[in-house]
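Numbering (the working numbering), first residue to last: 3 to 595.
Ideal placement from N, C-alpha and C gives every residue a C-beta, glycine not left out.
Shown next, in structure tokens, is the structure this report addresses.
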């Protein structure tokens, strides 16, 4: 496939291991609307500059530090505001007084000086994104009729467009126009009055379909060079409903463009003949007492609605179902949904879900006799001049040797829950964190490290959080706990230390305080992936390192006490990191060199 020169940015964003297998340009419908607004046309200073102006010459000895203490901010910020006011001629350096312009500004603040205006916007009917109605950026309905581009999702209006017209969204558009020196958009937006829908317009998007390094299809959607992730997700959900993609579990474009041309692709004929493709999970109906399923968490697992249907059917019959998860890898949205539904089967008494730290291919065993093994086969192909790789999932009968190995080396080593020592006391541990954090904060200050944990009001909130924290059992409790824990420990430290010349996640910090860095990263990872059955792609490398260590290489999916255990690891791990860092700083303090 030949790509245009303008597509280079899209190729650069994708890793070298990714192969673009198709590109198409489509039209996305937008609601073209006119919004009536009120605008305060008087210039407004920032809150800090406004305060510095009003307090200027409050005494004869003007000190940036004293003013900063009065306002509760750093003296350097007062200095910046002071220079800004001089530049705007609101204060006079020579006479050290407020100018006429400065007094006029203060007086005008007492008057509400608003003007009614209108702004034309366009709202993406699929994602709800609000955009400025630029001339020439959209296609009218009359021009769309004669356009060569298609609009496949025009009838898929998922959002109520009127509800998306918020003050915040309009403010972004207003600020954008203001930055490019458009006189009409001066002043500050103060209120939205009403909107009226005019008609529908269309914008061109380039949609790229490519195979990632796991040989899964991914989608990128670009309007010019702007990537729209919400639109990508919407398109993916529409496309993934195609049974060729979800049931057969091999590449949609391979199926569509290659299999139907058997006379031209002899290699495909050989593979098709040799492997024998999987057709249905209906053989699960043959089970009389027990079904064992071994599921590796990777992109080639065969999990779909049909598997769930036959599992539920077997569970209703009273058949014992044992599910063993292994492996740990980022998977597609569709697979995440299916795995979540499998985990939800734990509510039935005749369902057991366990985890193991040994990899095995996807396998189904019925009544401990009949076994089916699913194996991914990777091979090369070429479509329209673009080479790449794809995967076919073959099925075969399990040998007696393989069956024996699974029973003796896999099933016996699987676990249903992680062990938390009886000596662990959650309340005492939280008190310990409060005490040790305060001590470490003092050591940071005394050692002049430019690192600190709290601003003036944060220490009290920090203490209250830990004194009132509870052990978690349910997912909602865990989400609340990890969010607050990350804010109190990681984000407080990150923001307060950054202003003193030390960035939180830089390499120097990791080298100087490795245990503390690892502990904070653990909290950060566990917050960004609540259930931790799936990994955020941005944290995948860090997540692998932390999870494999915390879970002794076991796959955490399906473990019954997952939330309690991760809370335990965060608490106990952070206490250990605090102690080691305190000991290290204490040694440095005692050393006269």
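Rounded straight-line distance, which links the Cα of residue j to that of residue i
{"i": "residue 448", "j": "residue 436", "result": "19 Å"}
{"i": "residue 588", "j": "residue 455", "result": "18 Å"}
{"i": "residue 2", "j": "residue 337", "result": "This structure cannot speak to residue 2, because the chain is shown only from 3 to 595."}
{"i": "residue 516", "j": "residue 580", "result": "11 Å"}
{"i": "residue 365", "j": "residue 312", "result": "15 Å"}
{"i": "residue 130", "j": "residue 408", "result": "50 Å"}
{"i": "residue 146", "j": "residue 552", "result": "56 Å"}
{"i": "residue 198", "j": "residue 153", "result": "24 Å"}
{"i": "residue 562", "j": "residue 306", "result": "23 Å"}
{"i": "residue 7", "j": "residue 200", "result": "With a pLDDT of only 49 at residue 7, under 50, the local geometry of the prediction cannot be trusted, and the value read off the model is given with reservation. Between residue 7 and residue 200, the C-alpha separation is close to 36 Å."}
{"i": "residue 178", "j": "residue 496", "result": "30 Å"}
{"i": "residue 99", "j": "residue 67", "result": "19 Å"}
{"i": "residue 303", "j": "residue 375", "result": "11 Å"}
{"i": "residue 474", "j": "residue 560", "result": "17 Å"}
{"i": "residue 510", "j": "residue 202", "result": "53 Å"}
{"i": "residue 287", "j": "residue 316", "result": "7 Å"}
{"i": "residue 550", "j": "residue 556", "result": "7 Å"}
{"i": "residue 529", "j": "residue 479", "result": "12 Å"}
{"i": "residue 195", "j": "residue 77", "result": "41 Å"}
{"i": "residue 322", "j": "residue 300", "result": "25 Å"}
{"i": "residue 101", "j": "residue 57", "result": "13 Å"}
{"i": "residue 289", "j": "residue 157", "result": "44 Å"}
{"i": "residue 536", "j": "residue 481", "result": "Residue placement at residue 536 cannot be trusted, given a pLDDT of 47 that sits under 50; the coordinates are not used to answer."}
{"i": "residue 558", "j": "residue 476", "result": "16 Å"}
{"i": "residue 519", "j": "residue 461", "result": "21 Å"}
Contact check, residue i vs residue j, beta carbons under 8 Å
{"i": "residue 55", "j": "residue 108", "result": "yes"}
{"i": "residue 132", "j": "residue 182", "result": "no"}
{"i": "residue 339", "j": "residue 355", "result": "no"}
{"i": "residue 412", "j": "residue 486", "result": "no"}
{"i": "residue 207", "j": "residue 30", "result": "yes"}
{"i": "residue 596", "j": "residue 361", "result": "Outside the displayed range of the chain (3 to 595) lies residue 596, so it cannot be described from this structure."}
{"i": "residue 139", "j": "residue 229", "result": "no"}
{"i": "residue 236", "j": "residue 75", "result": "no"}
{"i": "residue 41", "j": "residue 149", "result": "no"}
{"i": "residue 85", "j": "residue 93", "result": "no"}
{"i": "residue 464", "j": "residue 438", "result": "no"}
{"i": "residue 396", "j": "residue 377", "result": "yes"}
{"i": "residue 369", "j": "residue 291", "result": "yes"}
{"i": "residue 546", "j": "residue 330", "result": "yes"}
{"i": "residue 327", "j": "residue 308", "result": "no"}
{"i": "residue 442", "j": "residue 584", "result": "yes"}
{"i": "residue 89", "j": "residue 50", "result": "no"}
{"i": "residue 521", "j": "residue 453", "result": "no"}
{"i": "residue 469", "j": "residue 427", "result": "no"}
Assigned secondary structure, residue i (DSSP; H/G/I helix, E/B strand, else coil)
{"i": "residue 84", "result": "helix"}
{"i": "residue 485", "result": "helix"}
{"i": "residue 569", "result": "helix"}
{"i": "residue 432", "result": "helix"}
{"i": "residue 575", "result": "helix"}
{"i": "residue 193", "result": "strand"}
{"i": "residue 300", "result": "coil"}
{"i": "residue 175", "result": "helix"}
{"i": "residue 418", "result": "coil"}
{"i": "residue 204", "result": "strand"}
{"i": "residue 517", "result": "helix"}
{"i": "residue 198", "result": "strand"}
{"i": "residue 371", "result": "coil"}
{"i": "residue 184", "result": "coil"}
{"i": "residue 157", "result": "coil"}
{"i": "residue 96", "result": "coil"}
{"i": "residue 237", "result": "helix"}
{"i": "residue 46", "result": "coil"}
{"i": "residue 510", "result": "helix"}
{"i": "residue 480", "result": "helix"}
{"i": "residue 583", "result": "helix"}
{"i": "residue 328", "result": "strand"}
{"i": "residue 553", "result": "coil"}
{"i": "residue 474", "result": "coil"}
{"i": "residue 545", "result": "helix"}
{"i": "residue 146", "result": "helix"}
{"i": "residue 387", "result": "Confidence in residue 387 is poor, its pLDDT being 45 and thus under 50, which makes the residue's placement too unreliable to answer from."}
Heavy atom of the ligand GTP within 7 Å of residue i beta-carbon
{"i": "residue 313", "result": "As for the ligand GTP, it is missing from this structure, which has no ligand bound."}
**Message:** Could you check whether the segment 517 to 527 touches the segment 564 to 583, counting it as contact only if at least three pairs of C-beta atoms, one from each stretch, sit closer than 8 Å?
**Reply:** The segment 517 to 527, when compared against the segment 564 to 583, does touch it at the 8 Å Cβ threshold.
**Message:** Taking contact to mean 3 or more Cβ pairs, one atom from each stretch, closer than 8 Å, check whether the segment 121 to 137 and the segment 29 to 36 are in contact.
**Reply:** Here the segment 121 to 137 lies against the segment 29 to 36, with 3 or more beta-carbon pairs under 8 Å apart.
**Residue ranges of each alpha helix (DSSP H) within the segment 107 to 136, 4 or longer** = Segments of the alpha helix (DSSP H) lying fully in the segment 107 to 136: there are none.
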